[in-house]
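Following: one structure in structure tokens, then a few remarks.
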Amino acid sequence: MSTAIPTTSRAVRYHATGKPEAVLHFEETALAPLGDSDALVALEAAVIHPSDLGMIAGTYGRLRPLPAVAGREGIGRVVKVGAGVTWLHVGDRVRMPEDEGVWRESVIARAGSLRHVPCDIPAEIAVMSFINPPTALLLLKNFVDLQHGDWVIQNAANSAVGECVIQLAKARGLRTVNLVRSPEKHAARLTAFGADLVLADDKDALKTIQAALGKNIAPRLALNSIGGTSAVTLLRALGQDGVLVTFGGMTGDLVRFPTREFIFNNITCRGFWMDRWARTASEDELSTVFAEVYASLRSGVMKVAVDSTYPLEDYAAAIARAAAYGRNGKVLFKGKDR
Ligand SMILES: NC(=O)c1ccc[n+]([C@@H]2O[C@H](COP(=O)([O-])OP(=O)(O)OC[C@H]3O[C@@H](n4cnc5c(N)ncnc54)[C@H](OP(=O)(O)O)[C@@H]3O)[C@@H](O)[C@H]2O)c1
């Protein structure tokens with residue numbers, strides 16, 4: 000029995016940028032006809048990221064032409080392929096094409112543009128493999144030639160990226176100082192992941208870090224996804240020739256450089272954007288990084304947490320949950336048949 004090809008798909012869309020609660024709608028969108036080199040893909044799962052909300056708000060580094068379907072990270076199953084498609088088969092799992100927006104029930108895409116995703120990893124884990132785990136991996140690999148025993152410091156350590164950093168650092172023999180807003184809530188979990196120190200990101204943070212590390216130890220790499228005073232704490236905690244990499248700005252506050260440390264400790268400040276890395280990396284680099292991510296997820300070296308799962312039509316509740324304080328893991332959308 001052949002699968003009927005739908006002509007429309009429901010999706011979470013916005014026609015103007017703004018606050019998600021004001022601009023998002025769950026609506027019917029037209030699907031292009033299935034061409035000979037196309038595949039029809041049905042959503043299995045998708046993730047809600049801070050960057051999705053930035054894109055909807057119009058503040059992210061790359062915006063979509065409007066109207067746009069929201070969401071950047073999702074996986075789906077191939078439901079039907081065009082007559083000329085030989086390398087992709089019905090049932091294969093692929094990454095939902097990011098530029099089309101992934102908070103949608105289904106999509107028709109050029110089969111050649113779709114990236115295979117291993118089926119032996121559960122969907123709710125595999126769906127989180129494209130943004131945060133590779134970001135954590137690249138942050139640890141691409142900026143400082145870290146040696147066994149070196150210290151890395153980060154803020155928002157209980158974020159999805161932060162938890163990946165802790166686990167990958169541990170597996171590499173690195174040590175981590177982890178700043179969080181609520182250590183009493185996160186310390187046990189982060190310690191179980193391999194965190195060496197979990198400390199409060201408050202006005203006394205620098206003193207606490209220095210007291211915990213002692214005079215002769217200072218981190219070589221600092222990872223900042225907050226900004227403002229939290230980033231200043233990281234910069235001050237770094238040792239000689241330390242590097243601070245900013246890859247997120249959860250508070251929206253400026254990253255400022257403390258002049259003394261900047262000059263006397265020869266600190267370098269860099270930025271990292273996974274989106275740019277993925278668009279400029281060679282196929283070899285992409286395959287190597289994703290192979291390492293999948294291996295770490297399969298072996299349990301890196302665990303990623305799911306807070307809750309919603310159907311697409313409950314997008315408003317899902318986004319409210321994603322923005323809520325005290326969440327444990329990512330909020331996901333699930334496809335219709337899951
Ligand atoms: N540049 C890149 O390529 C790239 C790639 C991936 C992620 N990122 C960025 O990395 C950051 C973390 O992403 P994620 O997906 O891992 O995040 P996530 O799991 O959603 O966690 C968000 C983190 O931010 C903290 N936070 C939220 N609002 C805050 C505030 N006002 N002040 C201080 N802390 C606050 C949360 O702390 P509580 O639990 O205390 O609320 C939590 O630790 C985001 O900024 C994201 O955009 C960037």
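Numbering of the sequence shown is given in numbering that gives the first Met the number 0, commencing with residue 0 and proceeding in unit increments.
Where is the CB? At the ideal position from N, CA and C, for every residue including glycine.
- For S224, there is no enclosing alpha helix (DSSP H), since its DSSP letter is neither H nor E.
- Looking at the backbone, the Cα of V143 and that of V242 are separated by about 7 Å.
- Closer than 7 Å to some heavy atom of ligand 1: that describes the Cβ of D274.
- Where W276 is concerned, the enclosing alpha helix (DSSP H) starts and stops at M273 to T279.
- Per DSSP, the beta-bridge partners of A199 are V179.
- Taking all protein chains shown into account, T6 has fewer than 16 neighbouring C-beta atoms within 10 Å of its C-beta and is therefore exposed.
- Set against 7 Å, the gap from the CB of T134 to the closest heavy atom of ligand 1 is smaller.
- The beta carbon of H147 sits closer than 8 Å to those of R171, G172 and L173, all from its chain and outside the five residues before and after it, given in chain order.
- Where E260 is concerned, the enclosing alpha helix (DSSP H) starts and stops at T258 to F263.
- In the displayed model, V84 falls within coil according to three-state DSSP, outside both helix and strand.
- Sequence-distant partners of E260 (beyond 5 residues in either direction) whose C-beta falls short of 8 Å from its own C-beta, in its chain, are L234, R235, L237 and I266.
- In the same chain as D149, and ignoring 5 residues on each side of it, the C-beta atoms closer than 6 Å to its own belong to L173 and R219, in chain order.
- DSSP places F192 in the helix class (H, G or I) of the three-state scheme.
- Per the Cβ contact rule, the stretch 276-292 is not in contact with the stretch 302-317 (fewer than 3 Cβ pairs under 8 Å).
- Between the alpha carbons of I120 and P32 lies a distance of about 31 Å.
- Ligand 1 never approaches P5 closely enough for any of its heavy atoms to be under 7 Å from the residue's Cβ.
- V288 places its beta carbon less than 8 Å from that of L136.
- Shown here, H185 sits in a helix according to DSSP, grouped into three states.
- For T258, the closest of G270, E26, E284 and V231 by C-alpha to C-alpha distance is V231.
- Secondary structure of T250 (DSSP, three-state): coil.
- A residue is called buried when at least 16 other Cβ atoms come within 10 angstroms of its Cβ; D51 meets this threshold and is buried.
- The Cβ-Cβ distance between A122 and I74 falls below 8 Å.
- Spanning the alpha carbons of L178 and E26 requires a straight line of approximately 41 Å.
- Residue environment for T58: exposed (fewer than 16 other C-beta atoms within 10 angstroms of its C-beta).
- In the structure shown, L243 adopts extended strand secondary structure according to DSSP, grouped into three states.
- Rounded to whole angstroms, P66 and A210 show a C-alpha spacing of 53 Å.
- A Cβ-Cβ separation of about 7 Å places A10 in contact with G100 under the 8 Å criterion.
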